[in-house]
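Contents: one structure, followed by commentary.
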Amino acid sequence: MTTADALPPGLVTALRQARYIVALTGAGVSAESGIPTFRDAQTGLWARYNPEDLATPEAFRRNPRLVWEWYAWRRQLVSAAAPNPGHLALARLERLAPRFTLITQNVDGLHQRAGSTSVIELHGNLLRVRCSAEGAVYTTWPDVADPPPPCPACGAPLRPDVVWFGELLPPEALERAWRAATTCDLFLSIGTSGLVEPAASLPRVAYASGATVAVINLDVTDAVEERLFYLHARSGELLPALVSAAFPDADAVTR
Ligand code: OAD
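Going by our numbering, the letters in the sequence shown line up with residues 380 to 634, in that order.
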């Protein structure tokens, strides 16, 4: 496990010298805020729930109320949670790096609450809903006895504004993420198992395009290869230490 005092010096230098840094985050970044991941063996959502019952367009057609209420439960978890030091370190990195793009698969909005101002949301955001027929997006909706509530414009059921299995990612977000991966010089893949495409391809695309890549999660074993760092670490512990090590002079003013 990489601890704060054993950061690979090559990664600290890469972070300090990078002209364009991209970070891709997954559920692991929010784990220390108390939000369950998807694939962790005991606590992951997909260990307890079947995605086919809850996270597909067919599931919503079959049982819209069940799907709506599952997302309402997740929304409550998120509202009760707070950004953790990993989210805060990424917000800080956005302010310190010459150029920085944050791409997330998370739908919890915690990066924005931590202060990140420009976030590419690949899988949507559960704090928004949209019309299941016409796609209009809403950030508020009525509480109804028999959810989901109807779209105020056309009456079709509202659904969470997230990407479900079998659905395409928002094309503009994907295009921006792809462009970022192919043009950055340092790519950080943080708290994601890298099992869901197309997000999973982004670190590979960045590496193939010449970037240095660092993978930070609890699935990997510490290793350093040419332009490649694997760090077995908690993001809430590692990221603040990494950012402070790369930008020591900024500590006093931007913490
Ligand atoms: P996963 O649950 O697949 O992976 C979570 C990753 O975070 C694993 O690699 C863990 O080792 C790591 N992890 C756990 N705690 C951590 C910590 N404190 N610090 C750092 N890493 C930690 O979640 P995702 O990769 O985000 O999609 O899953 C990708 C997509 O699959 C999700 O966006 C969701 C899901 O199905 C949709 O719902 C469309």
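The beta-carbon is built from N, C-alpha and C at its ideal position, and this holds for glycine as well.
- For P430, the closest alpha carbon among the candidates Y450, S412, E411 and G413 is that of Y450.
- Here A468 is near P619, since their CB atoms are less than 8 Å apart.
- CA-to-CA, the gap between S623 and L472 works out to about 9 Å.
- Between the stretch 450 to 464 and the stretch 610 to 619, the count of C-beta pairs closer than 8 Å reaches three or more; the two stretches touch.
- Shortest Cα-Cα distance from G545 to any of P415, V457 and L433 involves L433.
- Contact between T571 and T404 holds, with the beta-carbon distance rounding to 7 Å and staying under 8 Å.
- Excluding its 5 nearest sequence neighbours in each direction, L445 has C-beta neighbours in its own chain below 8 Å: D432, L433 and A438, listed in chain order.
- Under the criterion of beta carbons closer than 8 Å, A402 and I482 qualify as touching, at roughly 7 Å.
- Taken from the Cβ of N429, every heavy atom of ligand 1 lies 7 Å or farther away.
- Taking the CA atoms as reference points, V457 sits about 19 Å from A426.
- As DSSP reads the structure, V599 sits in no beta bridge.
- Inclusion of V575 in the 7 Å shell around ligand 1 follows from its C-beta lying nearer than that to a non-hydrogen atom of the ligand.
- The criterion of a C-beta distance shorter than 8 Å is satisfied by F566 and A585.
- V508 and L537 do touch by the CB rule: their CB atoms are close to 4 Å apart, below 8 Å.
- At a cut-off of 7 Å, the beta-carbon of H502 counts as near ligand 1: some heavy atom of the ligand is closer than that.
- Contact between A393 and T591 holds, with the beta-carbon distance rounding to 5 Å and staying under 8 Å.
- Taken atom to atom, the span from the alpha-carbon of V542 to that of L505 is near 10 Å.
- The beta carbon of R613 sits closer than 7 Å to at least one heavy atom of ligand 1.
- For G465, the enclosing alpha helix (DSSP H) has its first and last residue at P464 to L475.
- Per DSSP, T483 lies in no alpha helix (DSSP H) segment; the continuous beta strand (DSSP E) that holds it begins and ends at F479 to T483.
- When DSSP assignments are scanned along the stretch 599 to 628, the uninterrupted stretches of alpha helix (DSSP H) that are 4 or more residues long and fall wholly within it turn out to be 614 to 625.
- A406 and N485 do touch by the CB rule: their CB atoms are close to 6 Å apart, below 8 Å.
- Between L610 and A593, the C-beta gap is smaller than 8 Å, which places the two residues in contact.
- When rounded, the separation of the alpha-carbon atoms in W520 and H490 is 23 Å.
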